[in-house]
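Report on one structure; see the data block that follows.
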Amino acid sequence: MTVDTEVTTTVPPKVPAERRPTGSSGFGRVVRQILLWIPLVILMLWTLVPFFITVMISLKTRGEVFGSTSALPNDPSLAAYREVIERPGFRGAFVNSVLVGLGTTILTVALATPAAYAFARFNFRGRHLLLLFTLIPRLVPSLGLMIPLYQLAVTLGALDKRLTLVVVYSGMLVPLAVWLLVGFIQQIPPSLEEAASVDGASMWKRMRYIVLPISLPALITIGVLSFREAWNEFTLVLVLTTTPGKRTLPYELYLMQGIQGIENYPAEAAFTVLTILPFILVYARIEKYIVAGITTGSVK
Amino acid sequence: MSVLSSDRIRRAAWRRRRRRRREPGGGGRWDTGLAGQSKLAPYLFSTPAIIMVSLLLAYPVIYGLYKSFYRADFFGGPEEFVGFENYSEMFHDPAFWDALTKSAIFVTGCVVVGLVLGLFFAFALNRVVSQLRFLRSVTIAPYIISNVAAAVMFRLLFNSDFGLLNRTIEFFGFDGPSWLADPNLAMGVVIFCQVWTDLPLTILLLLAGLQTIDTSYIDAAKVDGATGWKRAWHLSMPLISPQIVISVVWMSYSTLTGLGVVLALTGGGPLKATQTMPMEMYSTAFTDLEMNQALAIASFILILNAILTLLYVGLARRYGTVE
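Protein chains in written order, with the numbering used here: chain A, 1400 to 1699; chain B, 111 to 433.
Structure, rendered in structure tokens:
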């Protein structure tokens, strides 16, 4: 940017940008390119260094973490990973996370799809409730739900149940999912369905063969966002589970920091990597859906 | 008077236009549905979702507000109505004001740092649109991981014995501070970590704004001899002001109500230096076991948050960027 500044000021206006003489031709351009990339290198470092350090520590031994000044492990070993995987807390939490994640995804999509279809396609009394769906999630952060949901779960005997987590997470995600889907379904021309209707297709057939296939990208976005939320959620699982076997990964990771007298840093790091990795792998495959969902979805 | 009313009429007409635009084809909605279709269908379709949202989001909050007017002598004991007593006690509690101050520092710090970095990186990314896919997918990484995982990574990064930061400081021959044990520095680390997890969304939002700017504006400014910084400040910044507003309000929402990062990183310590309001609520409820008192704090946070949300909706409407 700075080089750009100098160049432009020395040149008389009205010269098209491309034909501007760029300093001493080749050299100036190289400097410009470098200056252009510096912020991006900083961005990559900013983003990736914490991940990198965590992975490196997870490959070290406990002694090496304190002893060696090098960031890289001398003798990379997977001992910490083996230790974490053999720990019953991890395995139980991993299974819980997967089950709660899948359950939340299925329930959210199952509830949101018909509701979105109704809001997008029908003029019925109560369709103004859609506006409520856009406001409620912002008026009700999970922080405000912690204590009431805990008390209700105690009263209903619903503590420590995976199903409770699934239902609660779906409830939190349905408004967002409906909102995303309504926008998507509205863009499908109603004439498609009208034509199918003339040919005798029932509403179910139209949904099955027209609406659902076309909205598949939106459904995937919703599914992935639901899974992410269930996989990462911490504040509610913190109050809705009390016994060891019922926790999900973030809660177990949170507890891991405190329970040992001397902290086992490689194991902590390995636990973190194993918590992050599954979703990163999912994410790498369907990145475009997630970015679209996050930018239009979470802020609204 | 006449100016005012004409202005109002113009604004109403504009709003009507917007509404029409948002609903293509006169709404694209069917009044009666197509042939052979029950009129009940939309009700049947939307009821489960509406019930779910009412039971799991609306009801608990109302229940919490209601219970904040009650009090039990001991945990789990019978509750009696005490009116605003929980609130008056809250406002007389120095710990509450302390937490409010901490939250103010936390929210302000996160928003300022987040916005500055967000703008910097968004402008940087905007100049290399061709390589955007890869950079963007890496950039989003901190946002898609768990808050707890981020907090653990930052504990490793800021560890006073072997953390990367202190190793670097030692390399230059100095002794690094114990970041998370020092009351003054701990808040900085918490802000840093929170910004790290929230920044991707801010960048994406601001970047989306920058990419909608018509390049002819930029070219015109170039022809007029505006330098890079001037173009950014006088041209791009005003044009993306809606996105800036949205980012600021979103970040304040996320930090005002955020518990995960603080709890997992410092747990409110050292010496309550990072005891923000969500932490205060959490420890009142689950350490002191004063549920009703904690509900008063929760209600206070929710009301603050509601004010923020209305502000957000109002601003976003005005700028016409509600998506």
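For glycine and all other residues, C-beta sits at the position ideal for the given N, C-alpha and C.
Being a predicted model, the structure only gives us computed values, none of them experimental.
Under DSSP, A182/B shares a beta bridge with E189/B. Chain-order list of chain A residues neighbouring G174/B: G1543, I1546 and P1547, by C-beta distance under 7 Å.
The beta carbons of L369/B and M401/B sit no closer together than 9 Å.
Nearest neighbour of K212/B by Cα position, chosen from T419/B, I417/B, A296/B and I356/B, turns out to be A296/B.
By the rule that beta-carbons nearer than 9 Å mark a contact, A182/B does not touch chain A. Separation of the CB atoms of R1627/A and A1492/A is rounded to 17 Å, and the pair is thereby denied contact status at 8 Å. Between the stretch 1624-1640 of chain A and the stretch 1563-1576 of chain A, the count of C-beta pairs closer than 8 Å reaches three or more; the two stretches touch.
For M1443/A, the enclosing alpha helix (DSSP H) starts and ends at G1425 to S1457. If you check each beta-carbon in the stretch 250-264 of chain B against every beta-carbon of chain A, the ones closer than 9 Å belong to I250, A251, P252, Y253, I254, I255, S256, N257, V258, A259, A260, A261, V262, M263 and F264.
Annotation: Cβ neighbours of A151/B in chain A (cutoff 8 Å, chain order): A1517, F1521 and M1602. For the 9 Å CB-CB criterion, L309/B and F231/B form a contact.
Against chain B, the CB of P1475/A has no partner CB under 9 Å away; the residue lies outside that interface. Around the Cβ of K177/B, a 10 Å sphere holds 16 or more other Cβ atoms; the residue is buried. In chain order, L1439, L1442 and M1443 make up the part of chain A whose C-beta sits under 9 Å from the C-beta of L245/B. Look at the stretch 265-323 of chain B and you find these whole runs of alpha helix (DSSP H), each 4 residues long or longer: 274-281 and 293-321.
Contact check for G286/B against G298/B fails: the beta carbons are separated by 9 Å or more. Residue nearest to L1447/A within the set N415/B, Y169/B, Y253/B and A395/B is Y253/B (criterion: CA-CA distance).
For F396/B, the secondary structure class from DSSP, reduced to helix, strand or coil, is helix. In this structure I1613/A is not in contact with R1520/A, their Cβ atoms being roughly 13 Å apart against a cut-off of 8 Å. Using a Cβ-Cβ cut-off of 9 Å, E1482/A does not count as an interface residue toward chain B, since no Cβ of chain B sits closer than that to its own. With a cut-off of 8 Å on Cβ pairs, the stretch 1658-1677 of chain A is in contact with the stretch 1453-1468 of chain A, counting three or more such pairs. At a Cβ-Cβ threshold of 9 Å, K1604/A and A1594/A do not count as neighbours. Sorting L1444/A, A1470/A, A1514/A and P1540/A by C-alpha distance to the C-alpha of S362/B places P1540/A at the top. For G370/B, the neighbours in chain A by C-beta distance under 7 Å run, in chain order, F1633 and T1634. Membership of K177/B in the alpha helix (DSSP H) is indicated by the continuous run Y169 to K177.
For A214/B, no Cβ of chain A is located within less than 9 Å of the residue's own Cβ. The alpha-carbon of M263/B is positioned some 11 Å away from that of F1670/A. A straight line joining the alpha-carbon of I215/B with that of T419/B spans about 20 Å. Of the residues assessed, Y1653/A falls on the buried side of the cut-off, its CB having 16 or more other CB atoms within 10 angstroms.
Taking C-beta atoms as the reference points, A261/B and A374/B count as a pair closer than 9 Å.
The way I'd put it, the stretch 1635-1642 of chain A does touch the stretch 1552-1567 of chain A; three or more beta-carbon pairs between them come closer than 8 Å.
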